[in-house]
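**Q** In my numbering, the protein residues as written are -8 to 269.
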Ligand SMILES: [Zn+2]
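1. Would you check whether ligand 1 has a heavy atom nearer than 7 Å to the C-beta of residue 36?
2. For residue 191 and residue 137, what's the separation of their Cα atoms in angstroms?
3. Does the Cβ-Cβ distance between residue 40 and residue 91 come in under 8 Å?
4. Figure out for me which residue from 153, 221, 82, 252 has the closest Cα to the Cα of residue 235.
5. Could you spell out the range, first to last residue, of the beta strand (DSSP E) harbouring residue 36?
6. Which residue's Cα is closest to the Cα of residue 81: 154, 24, 118?
7. With a threshold of 8 Å, are at least 3 pairs of Cβ atoms found where one atom belongs to the segment 223 to 237 and the other to the segment 180 to 197?
8. Can you tell me whether residue 237 is buried or exposed, with buried defined as 16 or more other CB within 10 angstroms of its CB?
9. Using the rule of at least 16 other Cβ atoms within 10 Å of the residue's Cβ for burial, across every protein chain shown, is residue -6 buried or exposed?
10. For residue 69, which beta-bridge partners are listed by DSSP?
11. Does at least one heavy atom of ligand 1 sit under 7 Å from the Cβ of residue 167?
12. Enumerate in chain order the residues of its own chain whose CB-to-CB distance from residue -4 is below 6 Å, with the five nearest sequence positions on each side excluded.
13. Do residue 194 and residue 146 come within 8 Å of each other at the CB atom, strictly closer than that value?
14. Where do the N-terminal and C-terminal ends of the alpha helix (DSSP H) with residue 222 fall, by residue?
15. Can you name the residues that DSSP bridges to residue 245?
16. Going by beta carbon distance, what residues of the same chain come within less than 8 Å of residue 74, once the five residues before and after it are set aside?
17. My output table needs one value for residue 134: the three-state DSSP class, helix, strand or coil.
This is how it looks when you write it as structure tokens:
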């Protein structure tokens, strides 16, 4: 599942291929072809960036492409004539520039929009502060998470709410809560300010480390995964068997250590879970 750090890496890979180049050809494939994509042919790409889980590609004619990958999407860069690593039938968008072919596979959302409309375009405008942005606003993310409308959410669901803060997906949800020692089924309204702030800064540090940026945990490499997909295995810290269970409306699997992330007094009991690796 692509998270903010994956999108950041996709953008970093696309940038040298596209920025400053003229789009020689643009084709979209079904299902759901990208309307009017031919309008970027002849335009020059001015910027490629990620924002939360979106990749935004801007052009000098005022248009921008927004891609959201959901579960299975990917961006690839090929040399002209190089065989693709995925089936052509999965390609959603193909951009040809001098020296490179950029292919988007399987993104459920790719759209062409006016750059000046981005600020009010709901999927972008509604995003909370981007954890990977250098000017990430911890205070705003904290305030968003503390919004009374979110008080009854479990912390496992809340930190993946892209309108509160953008970038955390299922991997870093699991790993952030393990590192903070917080049970994923605690409701956010039961979590004290200091712990909540630590959760935000830990998520930021893990995402930054994952893309090679300096971070507050002083991690030099992509962070180790302690619990993600490790249900049923012994905890790396205390050897207690990790548990895992589906969580949230979109049923993402959460794994946790019952000893390192104990149930707090009065909190909702987590589901029994299953001893298997997901
Ligand atoms: Zn443990």
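Note that CB positions come from ideal geometry on N, CA and C, so glycine has one too.
**A** Judging by the given coordinates:
1. no
2. Their Cα atoms are separated by approximately 12 Å.
3. no
4. Comparing Cα-Cα distances from residue 235 to each of 153, 221, 82, 252, the minimum goes to 221.
5. 36 to 42 is the span of the beta strand (DSSP E), which, as asked, contains residue 36.
6. 24
7. Fewer than three beta-carbon pairs drawn from the segment 223 to 237 and the segment 180 to 197 are found closer than 8 Å, and the two stretches are therefore not classed as touching.
8. exposed
9. buried
10. 92
11. no
12. 198, 201, 202
13. no
14. No alpha helix (DSSP H) contains residue 222, which DSSP labels as neither H nor E.
15. 236
16. none
17. Reduced to three states, the DSSP call for residue 134 is helix.
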